[in-house]
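Student: Numbering (UniProt numbering), first residue to last: 1 to 195.
All residues carry an ideal CB built from backbone N, CA and C; glycine is no exception.
A quick note: this is a predicted structure, and the numbers were derived from the prediction, not measured.
(1) Going by DSSP in three states, residue 13 sits in which element: helix, strand or coil?
(2) How big is the Cα-Cα spacing for residue 151 and residue 70?
(3) List the DSSP bridge partners of residue 125.
(4) Per DSSP, what kind of secondary structure is residue 25 in: helix, strand or coil?
(5) Exposed or buried, which one is residue 50 when buried takes at least 16 other CB atoms within 10 Å?
(6) Looking at the secondary structure, which residues open and close the alpha helix (DSSP H) in which residue 196 lies?
(7) If you drop the 5 nearest sequence neighbours on each side, which residues of the same chain put their C-beta closer than 6 Å to that of residue 67?
(8) Among the residues of its own chain, which have a CB less than 7 Å from the CB of residue 45, if the five just before and after it don't count?
(9) Closer than 7 Å by C-beta to residue 203: which residues in its own chain qualify, once you throw out the five before and the five after it? Chain order, please.
(10) With a threshold of 8 Å between beta-carbons, can residue 63 be considered close to chain B, or not?
(11) Three-state secondary structure (DSSP) at residue 75?
(12) Just the Cα atoms here: how many angstroms apart are residue 170 and residue 36?
(13) Cβ of residue 103 within 8 Å of Cβ of residue 143?
(14) Please classify residue 178 as buried or exposed, where buried requires at least 16 neighbouring CB atoms within 10 angstroms.
(15) Going by DSSP in three states, residue 43 sits in which element: helix, strand or coil?
(16) For the beta strand (DSSP E) containing residue 55, list its first residue and its last residue.
Here's what the structure looks like:
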């Protein structure tokens, strides 16, 4: 990790990006609680926007203010324009702010994400129809999807159950957070992580 990203004082340790209808009451709820129990402050947006609403400036700022972004890819993630906008901004923060992006592949494979094939193909086709006059937006979403699919992450099928995946993910984030604190303690006053 570079000095620039490591020395950044962040409002949140983690920004959680997820499709609420797929994972809010299951995987994401358990992940959020496990993070909080370890003293890792996570931003989880529980607002349910009406169809067609775009994400707010506050939400974009929350993404920027997080050291890590955990993206939980589920079968209907790509059907949400909001999720796609979050992901595009997360990938932008990865490139410009060196934010650490951690994908979780929940009932989908990394290859599905990388290539936007089933179960995502229909969603991207619908976006292309809807945004036929703004294909640049759809291409930005596709590019963010492809980039995220290349990242090392947590494929749920590689674990015996959700609890094991969450435990490994939280332990790894905790360990990375401790490395940052020990490397740059003067930049992180007020930043607490409990063991």
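Tutor: Taking the geometry as given:
(1) strand
(2) 11 Å
(3) Residue 125 pairs with nothing; no bridge assigned.
(4) coil
(5) Interpretation of residue 50 is limited by its pLDDT of 45, a score under 50 that renders its predicted location unreliable; the figure taken from the coordinates is listed afterwards. Exposed.
(6) Not covered by the structure: residue 196. The range shown for the chain is 1 to 195.
(7) 10, 13
(8) 59
(9) In the structure displayed, the chain extends from 1 to 195; residue 203 sits before or after that span and is not available.
(10) Protein chain content of the structure displayed is limited to a single chain, and chain B is not contained in it.
(11) coil
(12) 10 Å
(13) no
(14) exposed
(15) strand
(16) From DSSP, residue 55 is part of no beta strand (DSSP E); its letter is neither H nor E.
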